[in-house]
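Letter by letter, the sequence shown follows residues 221 to 630 in my numbering.
See structure below.
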Amino acid sequence: MRIPLSQPDTGDGEIDMVTKALRSGRLSLGPFQEEFEVKFAKYAGMRHAIATSSGTTALHLCVKALGIGAGDDAITTSFSFVASTNCLLYESALPSFADIDPHTLNIDPREIRNLIERNYAWDSAARRMVNHRTGRILKAILPVHIFGLPCEMAPILEIAREFDLRVIEDACEALGAEYHGQRAGTFGDAAVFAFYPNKQLTAAEGGMIVTNDEHVAALCRSLRNQGRTENSGWLHHSLLGYNYRLSELHCALGLAQLGRIQELLCKRERVTRMYLDALTGATGIALPCQPPGFKRSWFVFPIQVLGPDPEERRAELMAGLEGHGIACKPYFPAIHRQPYFSAFGSHSGAPLPWTESAARRCLALPLFPSMTEEQVREVCSAARKTLNRIHARTRAVDIEREPAAPRAAP
Ligand SMILES: *Cc1c(COP(=O)(O)O)cnc(C)c1O
């Protein structure tokens, strides 16, 4: 593709740092990890940061460290990258999916409350909410700040307090995002960021857990490093742990990127302003929303195809873009519809009409810091051309009047 969906922005600073790590002779568990964690914690506004090999392994350690396991449920969203659900399944916990808000695409706090009130009741012996059909215990909420837009954290925290639930934020797409002036990743018992090359900050691979809970931090540190503890010997393992470490080379790269994070986020923001200018008023699509009080950290540029038969229209739009050498992806298919998920039975949540609608309508357009005005213009003109063709063919339907998603459950 001439215009990729994403492209890391790395330069001489990154090359110098990685070279420095390589030349140091110490390639794991060294000063680059330490400095990356200290500086990341400061940037995130949290006391502890623990670097891991990926966002997925970071989520897994949070689930373990917060004591979520067999027989437990956690409320989360099915409109996400699979890692936010898989981290529960690894521990034999199950997701209880609450539906999303069709505009923000984030888990809807009202749906969380409905789900709890319909399926769980307080058990005074367990001192927990227990599912009255399955007997499973409700332990946590795992909100995902999808496409860099923070979830509505105030009502989510209120529900968590009311029912004694832990909160793990999946902030993998939301580094630098804010909810009413407070950073995404600072609301829960723990939060996770990720550094795959398409994220706002890349370490090639990698993840980071942040928390203010000293016990959780120590547990994650130990589990990441084969269950060793700070002062134990190399072959002394207090816990069943993992090798989820992040190498010094990765930490050096992450550190160099962290030093430029404001610049990187500003460049992304600049690209999205061009997108919004060029696509406002385009036929048959909804642009990403920016509700007041929410500061999105731009990840991809997500649009929603409006009107009936959205999957057909989206396929035509994708073909139009790809025909011009422009990459795009239908982020995200619903997790509960993924082939592998059927092995975990029917999801224990409510019907998910908005999630399923979004999965049929959403399309991610290219977004990366070094994207030029010329490239944005190319994407938008190819998109408009195809959208106008679709509009001409389907003129009988007044798609301008269609809501962003169906009003009732399909
Ligand atoms: C990227 C991402 C992750 C973590 O992905 P890794 O590839 O394991 O680093 C988790 N959740 C969401 C929503 C993501 O976008």
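Virtual Cβ for every residue (Gly too), placed ideally from N, Cα, C.
An exposed status is given to CYS486, since fewer than 16 other beta-carbon atoms sit within 10 Å of its beta-carbon. Under the Cβ criterion (8 Å, minimum of three pairs), the stretch 533-540 does not count as touching the stretch 341-360.
Pairing ALA264 with VAL436 gives a Cβ-Cβ distance that is not under 8 Å.
When rounded, the separation of the alpha-carbon atoms in ALA391 and LEU496 is 24 Å. The stretch 439-453 and the stretch 289-307 do not touch, with fewer than three beta-carbon pairs separated by less than 8 Å. Under the DSSP definition of a beta bridge, ASP292 partners with ILE357. The beta carbon of TYR416 sits closer than 7 Å to at least one heavy atom of ligand 1. Per the C-alpha coordinates, the member of ALA579, VAL599 and ASN608 positioned closest to ASP321 is ALA579. If you draw a straight line from the Cα of ARG243 to the Cα of LEU249, it comes to about 15 Å. Straight through space, the alpha carbons of ALA360 and PRO571 are spaced by roughly 20 Å. By the neighbour-count criterion, in which a residue is buried when 16 or more other Cβ atoms sit within 10 angstroms of its Cβ, PRO586 is buried.
DSSP, read as helix, strand or coil, puts LEU572 in coil. ALA294 has its CB no nearer than 7 Å to any heavy atom of ligand 1.
The three-state secondary structure of ALA603, taken from DSSP, is helix. In the DSSP assignment, VAL302 forms no beta bridge with any residue. When rounded, the separation of the alpha-carbon atoms in GLY287 and SER344 is 20 Å. In this structure, ligand 1 has no non-hydrogen atom nearer than 7 Å to the beta-carbon of VAL283. Distance from HIS457 to GLU425 at the Cβ level is roughly 25 Å; contact not present, criterion being Cβ atoms closer than 8 Å. With a threshold of 7 Å, the Cβ atom of GLU389 does not count as near ligand 1, since no heavy atom of the ligand is closer than that.
Assigned with DSSP and collapsed to three states, ASN339 falls in helix.
In this model, GLU450 and SER442 are separated by some 8 Å (Cα to Cα). Secondary structure note for MET373: its alpha helix (DSSP H) is the uninterrupted segment 373-382.
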